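Okay, so the sequence shown: first residue is 254 according to this note's numbering, each after it adds one. Beta carbons: idealized from backbone N, C-alpha and C, even for Gly. Note that the structure is predicted; figures quoted are calculated from it, not measured.
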Amino acid sequence: MLGPVTGLTVLELGAGIGRFTGPLAASAAGVTAVDFMANLIAENEATHGAACPHVTFRVGDATDLAVPPASFDVVFSNWLLMYLGDAECAKLAADALAWVKPGGTVFFRESCFRQSGDRARATNPTHYRDPRAYFSLFDGVEIAEPCGGYAHYELVSCRCVDTYVRLKQNQNQLCWKWRKVVTPERRPAEFRHFLDGQQYSTAGILKYERIFGDGFVSTGGAATTRDLCLGRLNLRPGEAVLDVGCGIGGGDFLMAHECGAVVRGLDLSVNMVLLAMQRAAAKGDARVRFEVADVMGADLEYGAFDVVYSRDTALHIPDKAALFARLFTVLKPGGRLLITDYCRAPGAPSPGFAAYIAQRGYDLRPVAEYGGLLSAAGFADVAAEDVTPAFEASLRAELARAAAGKAEFVAEFSEADYGEVVGGWEAKLGRVAGGEQKWGLFYATKPL
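Laid out in structure tokens, this is it:
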């Protein structure tokens, strides 16, 4: 999850007796191991000092540490922030941003939500924070660089520790990987913040789920997943699937439970992924794992997946050529790609449709253009299908579901929320009837 540290300099905070000092030192150019407990640092040095002359052992408090600016490639900690108060965490987040070089990494792992073990404790000083607290702390940091410009954190990924998921079905152990980015101007707003603050607030997600069906926030829910997608993919047990824009995980759970696939779900929305993680923990299925990450910058190995799957997500990404090139690289030779997405008719959209597209921040393309971009990215056997009739049927079925469950919907949300959702679906039907809004299904393979 951290990735290779070969030839890099690492500041290890809360190093303790050296659980990670040795593995880091095995390939790093230098490691500075810090802990405020002198006896732990002494034991760490006794264990690793002779074999690792490039490791410096230092007694110090991570919240009050003197470190020159931009002096490390990586700042690493494991189970440290959960023992600090909010103010201490905020200070350390700012300090770590100053200590790491531009382009460098700040990585930490914490227990979230609740205690992971089952041992009863008389006292427990640990802060089992909601992961949103760490996002808020690190997203909020911005510092002026000595040589000009402004430094801030850019999220690479946030994901569960695979070993805990596989062996204990525990989704509460989370790792964050941030990159230090320096820009000439003050911090630009990230698209992730737009998603979580607008369309995909937690309440907004739950409203969508009421319409799409349990676990789903994309057209047709489980029905289109089975009928249009899984039948085409012919998934086999054990196949590795990358779901780009996984939402709250409904399709991923279905692929795992009904097909035996092993699924890695990515989404930029923190709210989506945290809901998916909580549901994965309740289901206890280690074949499904979720991650907050942008597919364009996530740590994905070349040729790692048998299938890349994406439902109504690429509409958020303007540079589709770059997206499809990225998806091509992570597929195995012979691997399959399946995408559904909102599309539009050729030509300029009407003012009303254009306003909708702009308000949502969408980039919609004609179905044929989409297919051409997939071919240009190197995919073979490209099928670009206009499946707008299935879209229309799904919209009508979802409106019927909403009407049947109106009382429960209004009780949980409000009459205004119900009207807004129904109005949105009726507007989509109007655009479909006018021939403007389309829905595309795209299938392709990576040549052997």
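Would you tell me roughly how many angstroms separate the C-alpha atoms of R198 and A291, rounded to the nearest one?
One cannot answer for residue 198 here, as it falls past the ends of the chain, which runs 254 to 701.
With DSSP as the reference, please indicate the residues paired to Y406 in a beta bridge.
For Y406, which the question treats as bridged, DSSP gives the partners K433.
Going by beta carbon distance, what residues of the same chain come within less than 7 Å of V414, once the five residues before and after it are set aside?
Taken in chain order, the residues that qualify are R362, Q426, C428.
Inside the stretch 272 to 328 only - alpha helix (DSSP H) runs reaching at least 4 residues:
Listed in chain order, they are 274 to 278, 291 to 301.
Can you check the stretch 468 to 512 for any beta strand (DSSP E) of at least 3 residues that lies completely inside it and give the ranges in chain order?
Whole beta strand (DSSP E) segments, 3+ residues: 493 to 497.
From F577, T582, F543, pick the residue whose C-alpha is nearest to that of F558; which is it?
Its Cα nearest to that of F558, the residue T582 stands out among F577, T582, F543.
Just to confirm before moving on: does the CB-CB distance between D496 and V526 stay below 8 Å?
Going by C-beta atoms, D496 is not nearer than 8 Å to V526.
8 Å CB neighbourhood of N331 in its chain, flanking five on each side removed
Closer than 8 Å at the Cβ level, and outside the excluded window around N331, lie G267, R272, F273, F361, R362.
Between the stretch 274 to 282 and the stretch 376 to 395, are three or more C-beta pairs nearer than 8 Å?
The stretch 274 to 282 vs the stretch 376 to 395: no contact.
Just curious, the alpha helix (DSSP H) that Y595 is in, first and last residue?
For Y595, there is no enclosing alpha helix (DSSP H); the residue is part of the beta strand (DSSP E) that begins and ends at 584 to 597.
Rounded straight-line distance, which links the Cα of D639 to that of A601
When rounded, the distance between both Cα atoms is 18 Å.
Three Cβ pairs or more, each shorter than 8 Å: is that satisfied between the stretch 538 to 552 and the stretch 506 to 520?
Three or more Cβ pairs closer than 8 Å define a contact, and the stretch 538 to 552 meets that threshold against the stretch 506 to 520.
Round the Cβ separation of V548 and L568 to the nearest angstrom and send it over; I've been treating them as touching at under 8 Å.
About 14 Å separates the two Cβ atoms, so there is no contact after all.
Select from D467, G624, L293, R532 the residue whose C-alpha is nearest the C-alpha of A574.
Taking only the C-alpha atoms, the option nearest A574 is G624.
If you pair each beta-carbon of the stretch 683 to 696 with each one of the stretch 588 to 600, do three or more pairs fall below 8 Å?
The stretch 683 to 696 is in contact with the stretch 588 to 600.
Return the CA-CA distance between D326 and C499, expressed in angstroms with no decimal places.
Between D326 and C499, the alpha-carbon positions lie close to 32 Å from each other.
Beta-carbon proximity of L390 to A346, cut-off 8 Å
Their beta carbons are under 8 Å apart, which means L390 touches A346 by this criterion.
Could you compute how far the alpha carbon of A533 sits from the alpha carbon of D467?
Cα to Cα, A533 sits roughly 13 Å from D467.
Does the distance from the C-beta atom of S522 to that of D594 stay below 8 Å?
No, these two residues do not count as a Cβ contact at 8 Å.
Can you tell which of D616, A607, S603, Y609 has the C-alpha that lies nearest to the C-alpha of L576?
The residue with the shortest Cα to Cα distance from L576 is D616.
In the DSSP assignment, the alpha helix (DSSP H) including P384 goes from what residue to what residue?
Start and end: 384 to 392.
Considering A664, what are the terminal residues of the alpha helix (DSSP H) in which it resides?
Judged by DSSP secondary structure, A664 falls within the alpha helix (DSSP H) whose first and last residues are 659 to 665.
Between the Cα of K344 and those of F469, L553, D314, spot the shortest distance and give me the residue it belongs to.
Across the set F469, L553, D314, the C-alpha of D314 shows the shortest separation from the C-alpha of K344.
Flag this pair as yes or no: are the beta carbons of E407 and V434 separated by less than 8 Å?
It is a contact, given that the beta carbons lie within the stated cut-off.
In terms of residues, what are the limits of the alpha helix (DSSP H) holding T416?
415 to 421 is the extent of the alpha helix (DSSP H) around T416.
When DSSP builds the beta bridges, which residues end up paired with V523?
BP columns for V523 are empty, so no partner.
How would you label S410, buried or exposed, when you count the other beta carbons within 10 angstroms and need 16 or more for buried?
With 16 or more other Cβ atoms within 10 Å, it is buried.
Cutoff 8 Å; reference Y671; Cβ partners in own chain excluding five residues on either side
Closer than 8 Å at the Cβ level, and outside the excluded window around Y671, lie A655, K659, F662, V663.
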